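Residue numbers (the numbering used here): 10 to 218.
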Amino acid sequence: MSNVYVMDHPLIQHKIGWIRRADTGSKDFRTLVSEIAMLMCYEATRDLKLTDVEIQTPICKTTVKELKGKKLAVVPILRAGLGMVDGMLAMIPAAKVGHIGLYRDPETLKPVEYYCKLPEDCSEREVFVVDPMLATGGSSIAAIQMLKDRGVKNIRFMCIIAAPEGIAAMQEAHPDVDIYVGAKDEKLNEHSYIVPGLGDAGDRIFGTK
């Protein structure tokens, strides 16, 4: 069963409090989402492996630590996931970025792929799939399956707010994918919105409502 890490860092919790407010406008919302992603990235990369490398300082040779092994990639689920990319890249600027686009079929309510563009060597990278909200889990489950179908083996999922139903669905569908959550909320309502949540993250990031 995948591990679920709920971030308890005071700065993350403080900033999530601000994006929940109905009167936080798009400009501040965007900035805060990016900052939360940056702080969550710091926490979620805590277990990355290091290796010793010998370098030359202005004074002498010495041994320092560098990240070892797999390079990283960030894959936002369009479109709300885009709001988290800059914050992630602020922490890991060498990461490559892919994009996955899904929409919900109005008849079946199942996610349908409309776009997928990944780094060529994505299968060799440690991939962070990012989306601000984990509600039913449908989109994130489908996005991660798309990555697995393309040979990606090392996947982590990061969201700012999650419903218990979405976490459970993700764990069942992808027990090998660790889940990083800014705040675990109470439930989904009858329209599959997270309660208390923050509304539609995409609309609030891009000012489309």
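Note that beta-carbon positions come from the ideal geometry of N, C-alpha and C, so glycine has one too.
No experiment lies behind these values; they were computed from the predicted model shown.
In terms of residue numbering, what span does the alpha helix (DSSP H) encompassing M97 cover? Looking at the DSSP string, the run of the alpha helix (DSSP H) that includes M97 is 94-100.
Would you check if the distance between the CB atom of F166 and the CB atom of V83 is smaller than 7 Å? Their beta carbons are not under 7 Å apart, which means F166 does not touch V83 by this criterion.
Do A172 and V144 have their beta-carbon atoms positioned less than 7 Å apart in this structure? With the sequence shown as reference, residue 144 is identified as Ala, and Val is not the correct amino acid for it. Going by beta carbons, A144 and A172 fall inside the 7 Å limit.
In chain order, what residues of the same chain lie with their CB nearer than 6 Å to the CB of V204, ignoring the 5 residues before and after it? Contacts found: E195, K196, N198.
Counting Cβ pairs closer than 8 Å, one from the stretch 65-76 and one from the stretch 40-51, do we hit at least three? Not touching, per the Cβ criterion.
If you count every other CB in all the chains shown that lies within 10 Å of the CB of P120, and 16 or more means buried, which is it? It is buried - the Cβ of P120 has at least 16 other Cβ atoms within 10 Å.
Using only CA atoms, which one of S149, I64, N163 lies nearest to M269? Look at the range of the chain in this structure, 10 to 218, and you will see that residue 269 is not part of it.
Alpha-carbon spacing of R113 relative to I86, whole angstroms: Taking the straight line from one Cα to the other gives about 13 Å.
Taking just the CA atoms, how far does P128 sit from V106? The alpha-carbon atoms of V106 and P128 are separated by roughly 7 Å.
Mind pulling the beta strand (DSSP E) runs of 3 or more residues that sit fully within the stretch 49-128? Complete beta strand (DSSP E) runs here, min 3: 59-65, 70-76, 81-87, 108-113, 120-126.
Using a Cβ-Cβ cut-off of 7 Å (strictly less than) and excluding sequence neighbours within five positions of A152, which residues of its own chain qualify? So the qualifying residues of the chain are I86, I109, L111, V138.
When burial is assigned at 16 or more other CB atoms within 10 Å of the CB, is I68 buried or exposed? I68 counts as exposed, since fewer than 16 other C-beta atoms from the protein chains shown sit within 10 angstroms of its C-beta.
If you follow the alpha helix (DSSP H) that K193 is in, where does it begin and where does it stop? From DSSP, K193 is part of no alpha helix (DSSP H) but of the beta strand (DSSP E) over 187-193.
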